[in-house]
Each structure stands twice: as structure tokens, then as C-alpha cells.
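**Student:**
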Amino acid sequence: MTLVVGVDIGNSTTEACAAEIGEDGAIRYLSEALTRTSGVKGTTENVAGVVDVVRRALTAAGRECGELDAVLVNEATPVISGLAMETITETIITESTMIGHNPETPGGVGLGMGSTVPFADLPGCVAGSAVICVIGAGVDFEDAAAGINAATARGVKVTGAVVHADDANLIANRLRHPIPIVDEVTLVEKVPLDMPAAVEVAEQGHAIRTLSNSYGIATVFELDAEQTRVIAPVARALVGNRSAVVVRTPAGDVTDRRIPAGSLTLIGEKTRHTVTMDAGAAHIMETARRVAPLADAVGEPGTHVGGMLARVRDTMSELTAMPVGEVRIRDVLAADTFVPQRVTGGLAGEFALENAVALAAMVRTSKGPMKLLAAELRDALGVDVLIAGVEADMAVLGALTTPGTDRPVAILDLGGGSTDAAVAADGTDIHSVHMAGAGDLVTKLIDSELGLDDLDLAEEIKKFPLAKAESFFHLRLEDGTVRFFDDPLPADTFARVVVLTDTGLHPIPTRHGVERIRQVRREAKRRVFVVNALRALERVAPGGNIRQIDFVVALGGSALDFEIPDMIADSLAEYGIVCGTGNVRGCQGPRNAVATGLVAGYALSTTYAGPVAVGTQSCAPRP
Amino acid sequence: MRPTPVNDRRAERARRTRPAVVVLHQVCPDNRYCLREIYAGMEEEGVPFGVEEAQTGSAAELAHAAAHASTLDVGVGVDAAGNICVHHAKLPPDAPALTGPPQHARSLGHNAARLVTGIPFKNVAQ
């Protein structure tokens, strides 16, 4: 009997599987353990994590370190991925002409037109003039209402108001003649004065009609065709709001500018193509497909994409002691996204959704410092350490222990940094690929599309379902069901969308509804994992034909996700493939595949038994 | 701790049936500005409210009593020092929804109203 521990060093977790192998090659699995990978995968920093996980696996099996015959590690090639976001449009308001924010409680209803006048100057206005009153910070609502009432009594037509504080309804309720009022304008002092302006507030439950229509604005300000063309982005930016202010300044306009985004040169083995980032993800991926297999990629210097690719290269060269010039980008994944960005020149902290392209890139070397790692492990553990096989091959061997699988099988390893695929046909050779883009990119997309600026929260949104706290005692979950609580929920979750994490409810501090957040989450997962699964299988499938594969087993941390495996299975259904989440050794779920595969592979190599099925513990001979 | 309202049956019936947040405060001239701000916060949110006076009681006790008197299950209590407490009738008496000093009166008024309308609370710090 030989006691071995297979150890899989992954990007984020290190897993171990302890087993005894009999003289006849029969494997008896004893225990497993899991810990966080210390340092970057495939480097000597991993020793601490490996030692920890081996000890824990042995303790779980009730064995001593001294009884151990060998530790098997996978040939862990460092896979490093980098992410970049390139915004390709930008909204700029020059000379501040638009207030397009959406206060929760604007006051009054209707459309008011007039020239902008500060509240202090209201008594000086001549009777009969139409004015829009601009009320700055520090003016009490009762004084504001009294001032406007007094002006109206004198014959000044006060047709609307712009207010700094959250006072719109309070002022409107105290006016003899109600006017539309937009409040919570934080930079009210920057509103240009003595300029023609229009204020519109729609009824509750309605959206504005005039200022969100280019011809509506043209009518209000008597614009000609050329001026209407210039004002069109203003109207577009106001669509769907309940309130808006447009001030017409002589030189002011809102521009909808396309930022000169960087370009990306994809170098294939035979051909090279340059594609600009603003062409969008579909075009970039199409180009990548045309040059495949990718030999390297270069970003335009001085742009985000150039900077990101340089960063990935530097990290890799540091880890592997390879000159920077020799590090090659082996895969890229682009995804279209949008980023809420503060409007340049906005007066009330308005945000506009800008188009962006997210890019993940991946580097891979075949010469990781594995020998060094093995030597250090040998010193630390005092046992023989074998580099027992390539990760993908071992994952296939491990995946085949899932009940109900058979060759030709393909595995999809859905990780944090990369999506890997390998296929094992009837022969012995296993073909594998690594694809850029996985869980980390999904987190990044969720973070930027919801404007959270909090990667930890985005990670939770990715991993756990949503709910809305409808009262202090019940939550409505995203599937519509209701869950009641005996103790009141914390006040900061009240009426908010929350994530149901394993450590409790975490409120999401945005105004997005459950549906919106759910849609962003699912779209992000689809754009990364479903796209990558199809791309990866196409690359490894015999003849590039996905239909040649019978079984697909999803493995890795992201295969534990509550919806990703289903989304992939759905998209593969049309190819007539059996696809599901792996259940290694019938009990481990999608975890521990590589570690199990290492043990199975070792058992195969040490016994002479002819063709042996590595998949099952009974070792039944294959026909 | 419930106060004895004026013995006017018609007013009493109207008060009970009209949906409103109840504000129960100790009578104290210094509370005038604080109360005005609470009322302003609720008015801005468009939620009706009614006001009653009390002689004794802490902000939390008054708020809890007010919440039970309110047809909307939401009450606001203000003690003699102007401390404010927002309570919901379904919460335990010692676990009020929100509490705060007089300086936060406006935000607490907003949030008392939002407790009724089911809109996430406004940041109290502003």
C-alpha cells in the first residue's frame, strides 16, 4: 500500500486529495482538503499553502506525515490575466446648459419658461417679465415661498424655480400659483444667470415630454435647424426623467464625444490585424477568431489597453524571470459594457451611461518555476514530491470519476482568472486550451455597470441571489417568493435591494431595482462564461466541431455558481451535448478534480495492468 | 404613556381613520424649530401626518406610542431636549427604526415618511 496526496495548485485555491493505492492499482480515497493559494500559482510562494493543505488532508484521514510516501503536484503553469476598461463615449456639458438629474421629489407640475434670476434679485424684477427663480443654499423654504408670492403679486411672472435644497414640494405647497420646481441641484451657484431657461416637471408616474424632445426644446427656445442639431444630445440625455432644466447659453452645448480609444494589434501565427477598441467587442472577437491561434497581442502605447497589456507582461516577467520582450499574450476576451460616468460640466452630479469595452488578456508560459517549487516542498515536508502531470490532463482524469461520464469527454474549468477547456477523445492524448476571462471579469463588469465602485460587493452580487427588504420582517426574493424573519431586519436594509450572502444581508447602496441588478448580473455571466465556453470547446473539439463532443463536465470554483452551469448547459443543448456540473468521485462536486486526477494518474503509472479505466474506483477494464 | 386627547369625539374619529404618521412630542418652546423641520421632511415626501402633545416620556417611548396610534404604523417621538426617534408599530419597543439629535430633524422627517412609502432611507448625515 502506498499513501499519496495529490495537490492541485489553482489560481485561487489549493486542493488536496489523500489516497491509498494498493499493489493492484486499486485506489482508496481517504480524505480531501482545501485552502487559499498562497501567492501566485506556480511559484515558490505556494509552499505554505501546499504544506497546510497536505497536513489537513492527512489529519482528516487520521494519518501521520511520516507515513506519507509521495506528494503529487500538477504542472501548474502560471496563468495571469489582466483587465482593462476602455470608455469609448463621453458626454460633456460645456457652459452648463442642462440639469438632467432626477430628484426624488420635484415640486409642482408643468413647463415654465423665462430668464434665470437669483432669488435675492427677485424684488428688483419688472412687472410682466417672465423669470425662472434660482434659489441658492441657505434660503429657507418659507422665505423662498413668500418671496415668490410677493413677486407674483407685483405682476412678475415667476414660471419656475431651481432649488439647492430638497425643498421643492415645501415651496410649491406654499405658493398661490404653483410652478414647476426642480430641487437638489448641488451646484446651483453655477447656473448661468440672465439666460433664457425652461423648467419642466411631469406629474407623478409620468416622464417629461417637452424638454426630452429635440423639437420641444426648439419650440421653447425658437431654434433653427442648425441649433436644433446642436441641442439634440440634451434632449436625449433627458429622456425618462421626471424633471429637467435647460438653460440656453449663447456658446453652450452638450457634446456627445467619442473618445479616441486605443487600438489593439492581434498577431496570429500566420497573419496580424489591428482593431480599434471603439469598434466594439463583437468586432474584436471576430478579428481574434480570424487570426487564431493568437501568438501575441500589442496595445497602442499611451492608451488604457496598451497600459493593461504592459502590466500583464511585467507581472509575468517578474514571476518567471523571463525578459519582458519574450512574454506573449495568448488570449484576449472583449465584452461590451457601459459605465455610468459623472457628466463633465453637470450641475447636479448627473451621470450618463457611456459605452465601454472590457478586455481580459492572458499570458501563459510552459516553463513555470515548478522544479524550484517541488524542491522547496520536498524540504518543507520531508517526502518525495513528484510533478505528476499537466493540469488539464489531470482534470480530465478527475472529471471522469463523475458518475455517468465517458470518453470523448470535454472539461470546462471555470476559474477566477481563466476559463480552461480540455478534451479527451478515445486516444490517450489530451488537448487543452486556456481562455482569458472568467469570474474576475464578471465581478468587474457588475461593479462598473452598476456604478458600485466596490469590488467586494460586486463579488457578492455575482455569487448570491438578490432580495428586496419589503418591510422590517420580510424579504421578497428575486424569484418572487417571500421569506419572513422573527427578528426585525437592520434599518439600513429597509426598502433596499440586498444580497443574501452566507454572512447575512448586505444592502446595495444604489437606486437600481432587483430586476435591473439581476439582469446586469446574468448578462455579465453570459458575456464571459457562455461566450468563453463556446469559444473554448470550439478550439478543443475534434475538427473544431462542438458536436463531436458527447460529454461536457463543468469544473472549478465558478462551476459552484448558482446559475453559470445552467446558462452554459442551456447554450450547449442545441449541440446535443450532455453538459452538467462535475461530481468528482461522486461526492466532491466540481471541486478536487485535478487532485483526484493526480492520484488516479499516479495509480495508472505505477501499476502494470494494461488498459485501465481511470475513471472508477473499481478499475473495470475498458472494452 | 398615552396622552389624554381633547374629548372631541368627531375629531378623534377623524384622526383615527385618516392615514397619517403621528408625531408625539413633549411641549417645550425650544423644540419649535426641530418639529418644523420634521414636518418639512414629511411634507416634502408627500406623506400626511398628525401632531399630538405629551407631558412625559423619552423619545423612544413617545415614538412607540405614536406608532401604535398611527394608522400607518409609523410614529415620531420628540423629547424635551429635542432628541428624535422614529418607530414602527411592528418593531419591539426597545428597537426603534431610527434615532437622532435635533440637528438631523429634516432627514429624520424624510425617513419617517419613507418608512411609510417604502423608499430607501436618506443619508442622515446630510
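As given, the protein sequences belong to chains U and R, one line each in that order.
Under numbering that gives the first Met the number 0, the very last position in the first sequence is 622; numbers go up by exactly one each time.
Under numbering that gives the first Met the number 0, the very last position in the second sequence is 125; numbers go up by exactly one each time.
Note that beta-carbon positions come from the ideal geometry of N, C-alpha and C, so glycine has one too.
Using a Cβ cut-off of 8 Å (strictly closer), state whether U/T104 contacts chain R.
**Tutor:** Translated into the one-based positions of the first sequence, residue 104 of chain U becomes position 105. Taking Cβ atoms only, chain R reaches closer than 8 Å to U/T104, which makes this a yes.
**Student:** If the cut is a Cβ gap below 9 Å, which residues of chain R does U/P487 touch?
**Tutor:** Here residue 487 of chain U refers to the residue found at position 488 of the first sequence. Going along chain R in sequence order, the residues near U/P487 (Cβ under 9 Å) are H87, K89, L90, P91, A94 and A96.
**Student:** Have a look at R/E52, R/V26 and R/V85 and flag the residue whose alpha-carbon is nearest the alpha-carbon of U/A490.
**Tutor:** As a position in the first sequence, residue 490 of chain U is number 491, starting the count at 1. Cα-wise, what sits closest to U/A490 is R/V85.
**Student:** Indicate the three-state DSSP secondary structure (helix, strand or coil) for U/A437 in the structure shown.
**Tutor:** Here residue 437 of chain U refers to the residue found at position 438 when the first sequence is read from its first residue. DSSP places U/A437 in coil when its eight states are reduced to three.
**Student:** Output yes or no for whether 8 Å exceeds the beta carbon distance between R/E36 and R/G117.
**Tutor:** Position 37 of the second sequence, counted from the start, is the residue given in the question as residue 36 of chain R. Position 118 of the second sequence, counted from the start, is the residue given in the question as residue 117 of chain R. No, they are not a contact pair.
**Student:** Within this structure, are the beta carbons of U/V157 and U/I134 separated by less than 8 Å?
**Tutor:** As a working note, residue 157 of chain U is residue 158 in the first sequence. As a working note, residue 134 of chain U is residue 135 in the first sequence. Against a cut-off of 8 Å, the Cβ pair of U/I134 and U/V157 comes out as no contact.
**Student:** Looking at the structure shown, is U/A17 part of a helix, part of a strand, or coil, going by DSSP?
**Tutor:** Within the first sequence, the letter at position 18 stands for residue 17 of chain U. Reduced to three states, the DSSP call for U/A17 is strand.
**Student:** With DSSP as the reference, label U/D313 as helix, strand or coil.
**Tutor:** For the purposes of this step, residue 313 of chain U is identified with residue 314 of the first sequence, where counting begins at 1. In the structure shown, U/D313 sits in a helix (DSSP, three-state: H, G or I).
**Student:** Look up U/R526 in the DSSP assignment and give the residues it is bridged to.
**Tutor:** Walking along the first sequence from the start, residue 526 of chain U turns up at place 527. Note: U/R526 sits in no beta bridge, so no partner.
**Student:** Count the other C-beta atoms from every protein chain shown that fall within 10 angstroms of the C-beta of U/K462, then say buried if there are 16 or more, exposed otherwise.
**Tutor:** Position 463 of the first sequence, counting from 1, holds the residue named residue 462 of chain U. Classification of U/K462: buried, given that the 10 Å Cβ count is 16 or more.
**Student:** Does the beta carbon of U/F472 sit closer than 8 Å to a beta carbon anywhere in chain R?
**Tutor:** Translated into positions along the first sequence, residue 472 of chain U becomes position 473. Chain R, which has a Cβ nearer than 8 Å to the Cβ of U/F472, makes this yes.
**Student:** Could you check whether the Cβ of U/A490 sits closer than 8 Å to any Cβ belonging to chain R?
**Tutor:** Counting from one through the first sequence, the residue named residue 490 of chain U turns up at place 491. U/A490 counts as touching chain R.
**Student:** Would you say R/P119 faces chain U, with C-beta separation under 8 Å as the test?
**Tutor:** Here residue 119 of chain R refers to the residue found at position 120 of the second sequence. Closer than 8 Å: yes.
**Student:** Using beta carbons (cut-off 8 Å, strictly below), is R/E36 in contact with chain U?
**Tutor:** Counting from one through the second sequence, the residue named residue 36 of chain R turns up at place 37. Taking Cβ atoms only, chain U never reaches closer than 8 Å to R/E36, which makes this a no.
**Student:** Can you say whether R/C33 is buried or exposed, counting buried as having 16 or more other CB atoms within 10 angstroms of its CB?
**Tutor:** Within the second sequence, numbered from 1, the residue matching residue 33 of chain R stands at position 34. Label assigned to R/C33: buried.
**Student:** Return yes when the Cβ of U/A398 is within less than 8 Å of the Cβ of U/I410, no when it is not.
**Tutor:** Within the first sequence, residue 410 of chain U is the residue found at index 411, counting from 1. Within the first sequence, residue 398 of chain U is the residue found at index 399, counting from 1. A contact, by the Cβ cut-off of 8 Å.
**Student:** Looking at the C-beta of U/N148, does it have a partner C-beta in chain R at a distance below 8 Å?
**Tutor:** Within the first sequence, residue 148 of chain U is the residue found at index 149, counting from 1. Chain R, which has no Cβ nearer than 8 Å to the Cβ of U/N148, makes this no.
**Student:** Can we say the region 571-591 of chain U touches the region 445-457 of chain U, given the rule of at least three CB pairs closer than 8 Å?
**Tutor:** Segments in contact, no.
**Student:** Can you check which of these residues, U/L372, U/G381, U/L597 and U/M112, is closest to U/G38 by C-alpha distance?
**Tutor:** Here residue 38 of chain U corresponds to residue number 39 of the first sequence, with the count starting at 1. Among U/L372, U/G381, U/L597 and U/M112, the Cα nearest to that of U/G38 belongs to U/L372.
**Student:** If you count every other CB in all the chains shown that lies within 10 Å of the CB of U/V238, and 16 or more means buried, which is it?
**Tutor:** By one-based count along the first sequence, residue 238 of chain U stands at place 239. Exposed, since its Cβ has fewer than 16 Cβ neighbours within 10 Å.
**Student:** If we cut at 8 Å on Cβ distances, does U/L169 have a partner in chain R?
**Tutor:** Position 170 of the first sequence, counted from the start, is the residue given in the question as residue 169 of chain U. Answer yes: the Cβ-Cβ gap between U/L169 and chain R drops below 8 Å somewhere.
**Student:** Is there at least one Cβ from chain R nearer than 8 Å to U/F651's Cβ?
**Tutor:** Outside the displayed range of chain U (0 to 622) lies residue 651 of chain U, so it cannot be described from this structure.
**Student:** So what does DSSP say about U/N354, is it helix, strand or coil?
**Tutor:** For the purposes of this step, residue 354 of chain U is identified with residue 355 of the first sequence, where counting begins at 1. Three-state result, U/N354: strand.
**Student:** Any beta-carbon of chain U closer than 8 Å to the one on R/R52?
**Tutor:** By 1-based counting over the second sequence, the position of residue 52 of chain R is 53. For the sequence presented, residue 52 of chain R should be read as Glu rather than Arg. Judged by the 8 Å Cβ criterion, R/E52 is not in contact with chain U.
**Student:** Can you list, in chain order, the stretches of the alpha helix (DSSP H) that have 4 or more residues and sit fully within the region 405-468 of chain U?
**Tutor:** Counting whole runs of 4 or more residues, the region 405-468 of chain U contains the alpha helix (DSSP H) stretches 438-448 and 454-462.
**Student:** Which ranges does the beta strand (DSSP E) cover as unbroken runs of at least 3 residues, wholly within the region 144-196 of chain U, from first to last along the chain?
**Tutor:** You should have 156-162.
**Student:** U/E514 by DSSP, collapsed to three states: which one?
**Tutor:** On the first sequence, position 515 is the one that residue 514 of chain U refers to. The answer is helix: DSSP assigns U/E514 an H, G or I state.
**Student:** Run through DSSP, which three-state label would U/T400 get?
**Tutor:** The residue labelled residue 400 of chain U in the question sits at position 401 within the first sequence. DSSP places U/T400 in coil when its eight states are reduced to three.
**Student:** Under DSSP, the alpha helix (DSSP H) around U/T218 begins and ends at which residues?
**Tutor:** The residue you call residue 218 of chain U lines up with position 219 of the first sequence. Taken as a continuous stretch (DSSP letters only), the alpha helix (DSSP H) holding U/T218 covers S213 to F220.
**Student:** Between which two residues does the beta strand (DSSP E) harbouring U/L476 extend?
**Tutor:** Within the first sequence, the letter at position 477 stands for residue 476 of chain U. That run of the beta strand (DSSP E) goes H473 to L476.
**Student:** Could you name the residues that DSSP lists as bridge partners for U/E85?
**Tutor:** Your numbering for residue 85 of chain U matches position 86 in the first sequence. According to DSSP, which records beta bridges pairwise, U/E85 is partnered with U/V356.
**Student:** Please tell me whether U/E74 and U/G388 are closer than 8 Å, where the distance is taken between their beta carbons.
**Tutor:** One-based indexing of the first sequence puts residue 74 of chain U at position 75. One-based indexing of the first sequence puts residue 388 of chain U at position 389. Going by C-beta atoms, U/E74 is nearer than 8 Å to U/G388.
**Student:** Who are the neighbours of R/E42 on chain U, taking C-beta pairs under 8 Å?
**Tutor:** On the second sequence, position 43 is the one that residue 42 of chain R refers to. Simply N168, L169 and N172.
**Student:** In the DSSP assignment, the alpha helix (DSSP H) including U/E285 goes from what residue to what residue?
**Tutor:** By one-based count along the first sequence, residue 285 of chain U stands at place 286. Segment A280 to V290, the alpha helix (DSSP H) holding U/E285.
**Student:** So, U/H505 versus U/L456, is the Cβ gap smaller than 8 Å?
**Tutor:** On the first sequence, position 506 is the one that residue 505 of chain U refers to. On the first sequence, position 457 is the one that residue 456 of chain U refers to. Contact: yes.
**Student:** For U/V229, report the span of its alpha helix (DSSP H) as first-last.
**Tutor:** Taking the first sequence and counting its residues from 1, one reaches residue 229 of chain U at position 230. Counting along the chain, the alpha helix (DSSP H) containing U/V229 begins and ends at A224 to L237.
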